Amino acid sequence: MAIPVIDFSKIEGDEREKTLAQIANGCEEWGFFQLINHGISEELLERVKKVASECYKLEREPFFKNSKPVKLLNELLEVKSDEKVENVDWEDVFLLSDENDDDWPSKTPAFKETMKEYRAELKKLAIRVMETMDENLGLPKGYLNKAFNGGEDENTAFFGTKVSHYPPCPHPDKVNGLRAHTDAGGVILLFQDDEVNGLQILKDGVWIDVQPLKNAIVINTGDQIEVLSNGRYKSVWHRILALPDGNRRSIASFYNPSFKATIEPAKELVVQKVEKEVEDLAKYPKFVFGDYMSVYAEQKFLPKEPRFQAVKAV
Numbered sequence: 001m002a003i004p005v006i007d008f009s010k011i012e013g014d015e016r017e018k019t020l021a022q023i024a025n026g027c028e029e030w031g032f033f034q035l036i037n038h039g040i041s042e043e044l045l046e047r048v049k050k051v052a053s054e055c056y057k058l059e060r061e062p063f064f065k066n067s068k069p070v071k072l073l074n075e076l077l078e079v080k081s082d083e084k085v086e087n088v089d090w091e092d093v094f095l096l097s098d099e100n101d102d103d104w105p106s107k108t109p110a111f112k113e114t115m116k117e118y119r120a121e122l123k124k125l126a127i128r129v130m131e132t133m134d135e136n137l138g139l140p141k142g143y144l145n146k147a148f149n150g151g152e153d154e155n156t157a158f159f160g161t162k163v164s165h166y167p168p169c170p171h172p173d174k175v176n177g178l179r180a181h182t183d184a185g186g187v188i189l190l191f192q193d194d195e196v197n198g199l200q201i202l203k204d205g206v207w208i209d210v211q212p213l214k215n216a217i218v219i220n221t222g223d224q225i226e227v228l229s230n231g232r233y234k235s236v237w238h239r240i241l242a243l244p245d246g247n248r249r250s251i252a253s254f255y256n257p258s259f260k261a262t263i264e265p266a267k268e269l270v271v272q273k274v275e276k277e278v279e280d281l282a283k284y285p286k287f288v289f290g291d292y293m294s295v296y297a298e299q300k301f302l303p304k305e306p307r308f309q310a311v312k313a314v
């Protein structure tokens, strides 16, 4: 079983309806799908791979060797414990955003220029993908993007890029690459490793691999898309396995609401049943995204549904 692979170039041609249906299926039945022919040049993607790998070797690897997960694993091995390392991930990670560009890695040649170019292209793709979701959900064009921007025409939605590496792990049975979770935000666009696997999603109670596919962009929907779609699109549990071989590269970009944006099910998707009175069938509460993130920070790796109830009380 493999997650859907969709040729995004066909969204503009004679196969538009078929392609929209494929995207709808990816959102409704999987929560994950891969886009090929998405409009981002292979030349740029090859440069992104190059600078990300060089950055890890040059600027990140020495620190990972002295990191908390490495130390905790070594301590377990020294005492020959049968336990697993808990509450940490076998991951080197840093975040890129417009707000922190002074802190971006600076020693790797062409890193900053390449990643700025890549992020600009990916942000455009995120908005195009969201417009296909609008259409499939029967919402006005730009509805989701406007919700993310707090109902304003201003550009206040957050776009961040998480650059991760998952180095070879000598005892992958004792530590998680990245613990199972759903994503808090909106639309996630992942440029994953071409060769080293490890990403899995939970589908019908079974963990299945997200197959590496050269220069594809993996799309998944976060908790806020679940709320805005009133549950038609679900955020899906996923994890990354620690592996004994390879150094898995993962570049995940998040198109998220502004922290001040109010999120609630789209009124067009809330069925109102008229009997003696109007019954509101919204399945999720109305909340401010920043409040949700405060809850998520504490409950990221815990069951999803209680977060919505917790934020309701905020």
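Numbers 1 to 314, taken from full-length UniProt numbering, label the letters of the sequence shown in order. Cβ coordinates follow ideal geometry from the N, Cα and C atoms, glycine included. Treat the numbers as computed from the prediction; the structure is a model and nothing was measured.
Secondary-structure assignment with DSSP links H238 through a beta bridge to H181, I201. For A24 against N136, the beta-carbon gap comes to about 4 Å, under 8 Å, which counts as contact.
For Y255, the enclosing beta strand (DSSP E) starts and ends at 248-256. Looking from the CA of R119, the closest CA among V271, L45, H238, E54 belongs to L45. Nearest in C-alpha terms to E91, of all of V79, L178, W104, K174, is L178.
By the CB criterion at 7 Å, I3 and A216 fall outside the cutoff. Under DSSP, Y56 takes part in no beta bridge, so it has no partner. Linking A21 to I127 through their CA atoms gives a straight-line distance of about 18 Å. A buried status is given to A52, since no fewer than 16 other beta-carbon atoms sit within 10 Å of its beta-carbon. Taking C-beta atoms as the reference points, Q192 and S250 count as a pair closer than 7 Å. When the beta-carbon positions are compared, V85 and L72 come within less than 7 Å of each other. Taking a contact as a CB-CB distance under 8 Å, the pair L213 and S253 does not count as one, their CB atoms being some 17 Å apart.
By the neighbour-count definition (other C-beta atoms within 10 Å, threshold 16), S81 is an exposed residue.
In the DSSP assignment, Q34 falls within the unbroken beta strand (DSSP E) covering 32-36. Nearest C-alpha to G205 among H238, N230, A184: H238. Exclusion of the five residues before and after T132 leaves I11, L20, I23 as the residues of its chain whose Cβ lies within less than 7 Å of its Cβ. Only buried fits W30, as 16 or more other CB atoms lie within 10 angstroms of its CB. At a Cβ-Cβ threshold of 7 Å, L125 and H181 do not count as neighbours. Judged by DSSP secondary structure, F289 falls within the alpha helix (DSSP H) whose first and last residues are 289-299. Put simply, the backbone Cα of Y292 is about 8 Å away from that of F308. Restricting attention to K260, L228, T262, the CA atom closest to the CA of L269 is found in L228. W207 is bridged by DSSP to L202.
The DSSP assignment places 158-166 as complete runs of the beta strand (DSSP E) inside the stretch 143-178, in order along the chain (cut-off: 3 residues). Counting only residues of its own chain and dropping the five nearest sequence neighbours on each side, G160 has a CB closer than 6 Å to the CB of L95, S97, F254. Per the coordinates, the alpha-carbon of K304 lies some 12 Å from the alpha-carbon of Q224. Collapsing the DSSP output to three states places N220 in a strand.
With a cutoff of 7 Å on beta-carbon distance, P167 and P244 are scored as not near each other. According to the DSSP assignment, I6 belongs to the beta strand (DSSP E) that extends over 5-7.
Where D14 is concerned, there is no enclosing alpha helix (DSSP H), because DSSP gives it neither an H nor an E. If the five residues before and after D194 are omitted, its C-beta is found closer than 7 Å to the C-beta atoms of P212, K214, all from its own chain and listed in chain order.
Per the C-alpha coordinates, the member of E78, K57, L139 positioned closest to F111 is K57. Here I263 carries a strand assignment [DSSP, helix/strand/coil].
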